[in-house]
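This report refers to the structure that appears directly beneath it.
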Amino acid sequence: MCNVVREVLEVTRRRGAFVAWCAIAWCVLVAASTTVRAQQRFTPGNLVVSQYGDGVSTGTVPIVLREFTPGGTATGFQVALPTADVGANKPIVGTLGSTGVGLLKRSVDGQFLSIIGSGTAASTLTIARIDFSGVNNSTTSFSIAGGGGPTPRAAITNTGTDFWWSAQTGNNDTAGIRYVTLGDTTTTGVWMAQGTGGSSTTPGGPNQVPLNARSIGVFGGQLYGSAAVSIGGGASAYSFRGVYNVGSGLPTTANQLGSIIVGGGAGNSGNIDSAWDFFITGTTGTRAIYVADDDATAPASGGLQKWLFSSGSWSKVWTATPAGAIGMRGLTGVVTGSTVQLYGITAVATSTGANSLVALTDTLDGTIAPSFDTLATSGSNFVFRGVAFAPVPEPAAVVVGLVGLAAVAVVAARRRTRQARG
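Written out as structure tokens, the structure reads:
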């Protein structure tokens, strides 16, 4: 480092300040990254799993985000979310036996993970945002009006400031899909459902997104949700059993309509009876939607379902169920060319039983179900809930690093030239 500093001073004297400042920026980046490495951090390309439990308790338990390689090897790096106030950060905890709680999401820009859970106070929900260095921001914590509270499911952000969250209905229709901003402590946020009134699953009519929501996701700039309910009654009933869009784009105002994309139909039909997480491959070319389902009632639809778009409509082409599981709940994926790599969290018959992180490799237009590989298992009194790819550093830091490396290369070249002449 001292040699680099000497070169910086020499470049400043002979060649001007610009290259020198670039080299200084590189020095700062090297020093900072050395510190981060000492503290550890997430590695881009790895997986992060939300794990509930402490190995002993079976009720309210801590949440830990554990990192795994794509092959299922634990890296040893993990982030324990707070179970008590830590400065402005609020606690976020879970319940071991609450299925479908704790689905993990990566932000649209790739820089953050987000998860929603319960606070330690009754009827309080907390959203945690975690960056690639493992720094937690759980200042977004709010009480639910009327008591009772909903069961939190998922939270996602685009750039770390705006959040959309989903939950199963609590008292006074306080759940559904809502919008909040980072640090919100006074409100449950903007309710996406169109209209008012109705029951816990009926906002008021067809196409008015249900109050009993499960997972959410953003693909191609569009907000989507999943559910396992119908709204309305009689001839006006509209099924949201599957994956549906929520308004247009990323809505931040109330009264959003929605329409089913894949699924629909009556309950327990063997179609999509109990949808959770989902992965959408794209909006052009060969289009596929993968849906995690945990239905185990005949005709069971549980497993990972693949739907393909052809001739203007979607059709289910296969369902694959991991060994020892009744289905799946967590899911993420990535498309590389015509290959789709998927990672999921299994659902087992006992809500507190050990479950697994699994992987499946598919061809985008394939119609024959591949088989799963089991990568890791949670262990006794631990449960895996969600999976997402690890967050990446802010692009600006990468740019500074590249500029700095270029500056150092210039410095080294100048030094070699001087030595050759000497």
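7 is the number of the first residue of the sequence shown in the working numbering; add one for each residue after it. Built from N, CA and C at the ideal position, the CB exists for glycine as well.
DSSP-derived helix/strand/coil call for residue i
i, result
"PRO158", "strand"
"SER206", "The predicted position of SER206 is uncertain, since its pLDDT is 42 and thus under 50; a value taken from the coordinates is nonetheless stated next. SER206 falls in the coil class under three-state DSSP."
Nearest residue (CA-CA) to residue i, options the options
i, options, result
"SER56", "VAL389, GLU400, GLY288", "VAL389"
"ALA160", "THR367, ARG391, SER386, THR327", "ARG391"
"GLY93", "ILE237, GLY189, ILE374, ILE332", "GLY189"
"LEU109", "THR126, GLY372, ALA353", "ALA353"
"THR145", "SER139, LEU131, GLY330, THR358", "LEU131"
"SER63", "ILE121, TYR250, VAL99", "VAL99"
"THR345", "GLY227, PRO88, GLY288", "GLY288"
"GLY264", "THR358, PRO305, ALA199", "ALA199"
"THR89", "THR79, VAL114, GLY59", "GLY59"
"ALA219", "ALA272, PHE74, THR157", "THR157"
"SER386", "TRP320, LEU102, GLN46", "LEU102"
"ILE278", "GLY248, ALA302, GLY255, PRO257", "GLY248"
"PHE138", "VAL54, GLY343, SER319", "VAL54"
"SER357", "LYS322, GLY227, ARG335, GLY318", "ARG335"
"GLY82", "PRO97, GLY61, ARG47", "ARG47"
Where the beta strand (DSSP E) containing residue i begins and where it ends
i, result
"ALA326", "319 to 326"
"THR369", "362 to 369"
"GLU73", "69 to 74"
"ALA394", "389 to 395"
"VAL297", "294 to 299"
"GLN262", "From DSSP, GLN262 is part of no beta strand (DSSP E); its letter is neither H nor E."
"ASN218", "Per DSSP, ASN218 belongs to no beta strand (DSSP E) and is neither H nor E."
"GLY350", "345 to 353"
"SER377", "Per DSSP, SER377 belongs to no beta strand (DSSP E) and is neither H nor E."
Buried/exposed call for residue i, threshold 16 Cβ in 10 Å
i, result
"ASP91", "exposed"
"ALA294", "buried"
"PRO401", "exposed"
"ILE374", "exposed"
"ALA418", "Summary for ALA418: the model assigns pLDDT 47, below 50, so the residue's position carries little reliability; its value from the coordinates is reported in the next sentence. Exposed, since its Cβ has fewer than 16 Cβ neighbours within 10 Å."
"VAL405", "Annotation note: pLDDT 48 at VAL405 (below 50); position unreliable, no value reported."
"SER120", "buried"
"PRO50", "exposed"
"ARG141", "Before going on, a small fix: residue 141 reads as Val here, not Arg. Classification of VAL141: exposed, given that the 10 Å Cβ count is below 16."
"THR163", "buried"
"SER377", "exposed"
"THR327", "buried"
"THR167", "exposed"
"PRO305", "exposed"
"THR165", "exposed"
"GLY106", "buried"
"GLY182", "buried"
"THR180", "buried"
Whole-Å CB distance - residue i paired with residue j, under 8 Å assumed
i, j, result
"PHE395", "LEU337", "In fact, because the Cβ distance is near 12 Å, the residues do not count as touching under 8 Å."
"ASP299", "GLY333", "5 Å"
"LEU366", "VAL393", "Incorrect: roughly 12 Å between the Cβ atoms, too far for contact."
"GLY308", "ASP301", "5 Å"
"TYR430", "SER254", "Nothing in the structure corresponds to residue 430, since the chain is present only between 7 and 428."
"GLN311", "THR325", "5 Å"
Any non-hydrogen atom of the ligand ATP closer than 6 Å to residue i Cβ
i, result
"SER139", "Among the components modelled here there is no ligand, and therefore nothing to report on the ligand ATP."
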